[in-house]
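Numbers given in the working numbering equal positions in the sequence shown, counted from 1, plus 13. Where a beta carbon is used, it is the ideal one built from N, C-alpha and C, also for glycine. Since we're looking at a predicted model, the values are computed, not measured.
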Amino acid sequence: MKPILYTFPISHFSEKARFGLDLANFSYELKPLVPGQHVQTLKPLVKDTYVPVLDDRGNIIQGSKAILDLVEEKAFGNKATDAEILWEDRIDTEIGKSLQTILYFYILDYPNIVGKLFLLEPKTKSDEVPPPEHFELIALSLKRRYKINPKSVDAVKEGFRSTVYEIQDIYKKQKYFNGNNFGRIDLTVASLLGAFAEPKECPAYPWFDSVEMPMQYLEYRNGLGLEFLFERIREFYKEFRIQSK
């Protein structure tokens, strides 16, 4: 029996785990879940029901960082340095978690967009999809979990902006974060910013391509001045995401 990876289709932390597993040629069965409905599936396995979760024949590993720990030597040829792990923690927080807050801040006022993004299979732009069942309850839960209010979102945006500018400056000097080869930080940056950079090789791309994102979201993303970083991420996906499922 293959290990099972539980994910959300559009989750960037799920993509971080998938990218690492695929790069390491780790054989697994992908089990995408619908947000909200996922609780029933994950509750018997983990205390806090967030994805990704890898069930490796009864050995439960939760979180993209822990899953990446399992395969990093096969994926990258060596273990990350202490300095790289500190950077990964910062990127997970200031980019990964921040983008969860930012994305939901912009889309929770558009139930039909959320409905499309929460599907297990992507639709097309012309398809009409209703809001998720119990959308009001889901929206309230997300606002509480990610502390979505104007004051909190402004603080999150500031931390996000500072980190992505610093990372972009590093990539302007060298192709890879460590200066030598595609590594754990490159994968983390690419997967967590995939929703912004929109590489077509990213498994979540068809979902984001199926919706018209709110104009305020697009203005925010396009106004950040991160096209150089986005292009580097697209390069990483073209070169290294060949195992994409």
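Margin query: Within 10 Å of its beta-carbon, does residue 78 have 16 or more other beta-carbons around it, so buried, or fewer, so exposed?
Written below: Numbered from 1 along the sequence shown, position 65 holds the residue referred to as residue 78. Its Cβ being crowded by 16 or more others within 10 Å, residue 78 is buried.
Q.
Given this structure, state the Cα-to-Cα distance separating residue 195 from residue 243, to the nearest angstrom.
A. The residue given as residue 195 occupies position 182 in the sequence shown. The residue given as residue 243 occupies position 230 in the sequence shown. Distance between the alpha carbons of residue 195 and residue 243 is about 16 angstroms.
**Prompt:** Out of 182, 173, 189, which has the shortest C-alpha to C-alpha gap to residue 209?
**Reply:** Here residue 209 is taken as the residue at index 196 of the sequence shown, counted from 1. Per the Cα distances, 173.
Pair within 8 angstroms by beta-carbon distance, residue 176 and residue 101: Mapped onto the sequence shown, residue 176 falls at position 163. Mapped onto the sequence shown, residue 101 falls at position 88. No, they are not a contact pair.
Check: Are residue 221 and residue 211 closer than 8 angstroms when you measure CB to CB?
Finding: Working through the sequence shown from its first residue, we reach residue 221 at position 208. Working through the sequence shown from its first residue, we reach residue 211 at position 198. Yes, these two residues count as a Cβ contact at 8 angstroms.
In whole angstroms, what is the alpha-carbon distance linking residue 203 and residue 34? Counting from 1 along the sequence shown, the entry for residue 203 is found at position 190. Counting from 1 along the sequence shown, the entry for residue 34 is found at position 21. Those two C-alpha atoms are separated by around 15 angstroms.
Same chain, Cβ closer than 7 angstroms to residue 250, neighbours up to 5 away in sequence not counted:
Taking the sequence shown and counting its residues from 1, the one referred to as residue 250 is at position 237. Closer than 7 angstroms at the Cβ level, and outside the excluded window around residue 250, lie 203, 212, 214, 215.
**Report entry** Given residue 162 as reference, the closest of 118, 89, 56, 185 once Cα atoms are compared
**Finding:** Walking along the sequence shown from the start, residue 162 turns up at place 149. When each option's Cα is compared against that of residue 162, the closest is 118.
Original post:
Assuming residue 65 contacts residue 40 under a Cβ cut-off of 8 angstroms, what Cβ separation, rounded to an integer in Å, is found between them?
Top reply: As a first step, residue 65 must be located in the sequence shown, where it is residue number 52. As a first step, residue 40 must be located in the sequence shown, where it is residue number 27. Wrong, their Cβ atoms sit about 16 angstroms apart, outside the cutoff.
* **Contiguous alpha helix (DSSP H) assignments of at least 4 residues, all confined to the segment 195-222** => 197-205, 207-210, 218-222
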